[in-house]
Amino acid sequence: MKGLAPKITLAFLFAIVVTLLLYSLILNQSIDEQFNQYIQATIRANNERIANALAFAYEQDGQWYADTGADVATFVKSDNISLRVRDTSNFVVWNSISYHKDLAQLFSLQPDDKIHTITYPISVNREIVGYVDITYLGTIPLTDIDSGFRNSVNKSLISTAIFSTIFAIFLSIIFSSGITMPLMKMTKIAIQLRKGDLKHRMAVGASNDEVSELAIAINHLAETLEREEKLRKNITADIAHELRTPLMTLQGQLEAIIDGILDPTPETLTSCQEEVIRLTSLVSDLEQLTTAESASLELDQEVLSLSDLTHQIVDSFQGQFRQKDIALSFYANKKSYVLADKRKLTQILINLISNALKYSEPTDKVSIKLMQSDDIITLKIIDTGLGISAEDLPYIFERFYRGDKSRNRETGGSGIGLAIVKSLVDAHHWKIEIESTLQKGTTVTLTMPAAQPIDIES
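Start counting the sequence shown at 1; every next residue gets the next number (full-length UniProt numbering).
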């Protein structure tokens, strides 16, 4: 059997049919019990009526005669019932079989286990004057109404079972379709994703079930694949651009020197050297990123004063900020300690402060705030610089990503710095967030657990 829909349909159908069968069996047994109780009560009432009629006949005659109460046998219309009246000395007054030869022959041919006799006393004024033996041949007799009722109940049960089975098949198909249709759509979308068509998405229903969660997961996967594909293309283009520009500059200058167009003056050689330095810096950034993203990256962690380290780095940047006429300030609400790799943490802070410097204009302000609340340290680097557009913000930590394509390499760097920062932050199991508004500024928030200063002495 191929396909999930037939399997689910059969599973639903099997469960429903089994349930219906069990229900029908239990219901039929319950009805039989109730019906038998009703028949027994009816028989007892009829038997008591026979005994009362015989008592009335005895009271009328004053004693037993051969025909006393014989007319009672006339309203016992069933062919498998016989009456025998006895007095208190067990003398048989009369027997209905003697009036029906066919009935006598029928009774004589039956085995004893097919004959059931019930004896009722005949009482007049609370005094027993005789007995009546009511004998049934075979099963307890049913009237036409009783038999019709029982047959109609059985027919109703069979009809209900057939209708319920058909309805169960219909419901099973609907339920299985409700489950398999979204899965079939997901399969089609997954095939499209495999083919590289990353634009397709699943419609997520209002129900918060496993199918909806799977649809959300597939949508997230598609978004991730689309983002990674876009990043891959950007990385390829950016690497080619980053390498091509300095190499072409070097090639042009060297060819001009060889052809005698340019003299190998210190200025010309310095320009060539700057391009070589730029290439060296790019290769160095790539090496740092590879190291930071390596699964085998080892951290030489120690408890150190984050406030002191940040203060030292801020002081080292003051000259560069003054040169661009940008105000740089630092505030810490207390002396905070953190467990970290000092060299990696220094690299994180330098990259973040360097970015704030690069993307700020003269008269802008950069504020660094170090706040500790309980066991959580929050380091914020706030600038009033160029800011980042909303469409670029989700990609800001990606390799070689520059939100502003018009920025040159001197302003925008290689586009690797924040990727290195994110990898180092993740290696420490910290958290970094960036909030930004274009032309209004950027806030970088670094969150980490605080360490106890006593650990330094130990």
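Glycine included, C-beta positions come from ideal geometry on N, C-alpha and C.
For Phe56, which residues in the same chain have their Cβ closer than 6 Å to its Cβ, ignoring the five residues on either side in sequence? Nothing meets the Cβ criterion.
For this session: Can you have a look at Gln251 and say buried or exposed, based on whether 16 or more other CB atoms are within 10 angstroms of its CB?
Result: By the neighbour-count rule (16 or more Cβ atoms within 10 Å), Gln251 is not buried but exposed.
| request: Look at the alpha carbon of Glu255 and the alpha carbon of Arg322, and state the distance between them as a whole number of angstroms. | output: In a straight line, the C-alpha of Glu255 is about 40 Å away from that of Arg322.
Self-check item: C-beta contact flag for Ile332 and Thr346 at 9 Å
Solution: Note that residue 332 is Ala in the sequence shown here, rather than Ile. Thr346 is positioned such that its CB atom lies no closer than 9 Å to that of Ala332.
Would you grab the beta carbon distance between Val17 and Thr180 for me? Rounded to a whole angstrom, and I think it's under 8 Å.
-> About 20 Å; that fails the 8 Å criterion.
### Message
Give me, in chain order, the residues of the same chain whose beta-carbon lies closer than 6 Å to that of Gly319; leave out the 5 immediate sequence neighbours on both sides.
### Response
No residues qualify anywhere along the chain.
9 Å Cβ cutoff met for Ile416 and Asp285:
Result yes, Cβ atoms of Ile416 and Asp285 sit closer than 9 Å.
field: Contact set for Ser172: own chain, Cβ-Cβ below 6 Å, skip 5 residues either direction
entry: Same-chain partners within the cutoff: Thr9, Phe12, Leu13.
Exercise. Would you mind listing the beta strand (DSSP E) stretches within the segment 269-318 that are 3+ residues and don't spill past its ends, in chain order?
Key: Within the segment 269-318, the complete beta strand (DSSP E) runs of at least 3 residues are 301-305.
Original post:
Between Glu210 and the ligand PLP, is the CB less than 8 Å from at least one heavy atom?
Top reply: Inclusion of the ligand PLP in the displayed structure is not the case, the ligand content being empty and no account of it being possible.
Check whether Leu352 and Ile326 have beta carbons under 9 Å apart
With respect to the 9 Å criterion, Leu352 and Ile326 are not classified as neighbours on the basis of their beta carbons.
For this session: Can you say whether Lys422 is buried or exposed, counting buried as having 16 or more other CB atoms within 10 angstroms of its CB?
Result: Result: buried.
Check your understanding: When the Cα of Leu304 is compared with those of Asp341, Val314, Thr135, which residue comes out closest?
Key -> For Leu304, the closest C-alpha among the options Asp341, Val314, Thr135 is that of Asp341.
>> Using 9 Å as the threshold, is the C-beta distance between Ile134 and Tyr120 below it?
In response: Yes, Cβ-Cβ distance for Ile134 and Tyr120 is below 9 Å.
| task | Return the bridge partner residues of Thr445 from the DSSP annotation. | result | When beta bridges are read from the DSSP output, Thr445 appears opposite Lys380, Glu433.
- request: Tell me where the alpha helix (DSSP H) around Leu352 begins and ends.
  value: Here the alpha helix (DSSP H) through Leu352 covers 342-358.
If you drop the 5 nearest sequence neighbours on each side, which residues of the same chain put their C-beta closer than 6 Å to that of Lys344?
So the list reads Leu424, once near-sequence residues are dropped.
### Task
Can you give me the start and stop residues for the beta strand (DSSP E) that Ala332 sits inside?
Where Ala332 is concerned, the enclosing beta strand (DSSP E) stretches over 327-332.
According to DSSP, which residues form a beta bridge with Met371? Under DSSP, Met371 shares a beta bridge with Thr378.
| task | Count the other CB atoms, across all protein chains shown, that sit within 10 Å of the CB of His428; report buried if there are 16 or more and exposed otherwise. | result | Buried, since its Cβ has 16 or more Cβ neighbours within 10 Å.
Legend entry - Proximity to His210 [Cα-Cα], best of Glu228, Ser281, Gly178: The question names His, but residue 210 in the sequence shown is Glu. The shortest Cα separation from Glu210 among Glu228, Ser281, Gly178 belongs to Gly178.
(request) Taking only the alpha-carbon atoms, compute the straight-line gap between Pro394 and Ser271 and give it to the nearest angstrom. (result) One alpha carbon belongs to Pro394, the other to Ser271, and they sit about 36 Å apart.
Q) What is the C-beta distance between Ala168 and Ile122, in whole angstroms, given that I count them as a contact (C-beta under 8 Å)? A) Contact flag wrong, Cβ pair sits at about 58 Å.
So, does the segment 194-205 touch the segment 220-234, judging by three or more C-beta pairs under 8 Å?
The segment 194-205 is in contact with the segment 220-234.
Buried versus exposed call for Gly148 [16 or more other C-beta atoms within 10 Å across all chains shown]:
Gly148 comes out exposed.
_If I measure Cβ to Cβ from Asp375 and keep anything under 8 Å in the same chain, skipping five residues before and after, which residues do I get?_
Around Asp375, the same chain offers Pro449, Ala450 as residues with beta carbons nearer than 8 Å, after the five sequence neighbours per side are excluded.
- Just to confirm, are Ser336 and Gln372 a CB contact at a threshold of 9 Å? Yes, they are a contact pair.
Can you tell me whether Leu306 is buried or exposed? The criterion is at least 16 other CB atoms within 10 Å of its CB, across all chains shown. Leu306 should be labelled buried.
What's the C-alpha gap between Arg278 and Ala419?
Distance between the alpha carbons of Arg278 and Ala419: 19 Å.
Per the DSSP calculation, Asp87 is bridged to which residue(s)? Beta-bridge pairing links Asp87 to Gly130.
For this session: Report buried or exposed for Ala217, applying the criterion of at least 16 other Cβ atoms within 10 angstroms of its Cβ.
Result: Ala217 should be labelled exposed.
Nearest candidate by alpha-carbon position, reference Gly385, set Thr437, Ser24, Arg84
Here the closest residue by C-alpha is Thr437.
inquiry  = Please report the distance separating the alpha-carbon of Thr443 from that of Pro182.
reply    = Distance between the alpha carbons of Thr443 and Pro182: 42 Å.
Review point. In the DSSP assignment, what residue or residues form a beta bridge with Trp94?
Key: In the DSSP assignment, Trp94 forms a beta bridge with Val85.
- [ ] Can you tell me which of the three DSSP states Phe12 falls into?
- [x] In the structure shown, Phe12 sits in a helix (DSSP, three-state: H, G or I).
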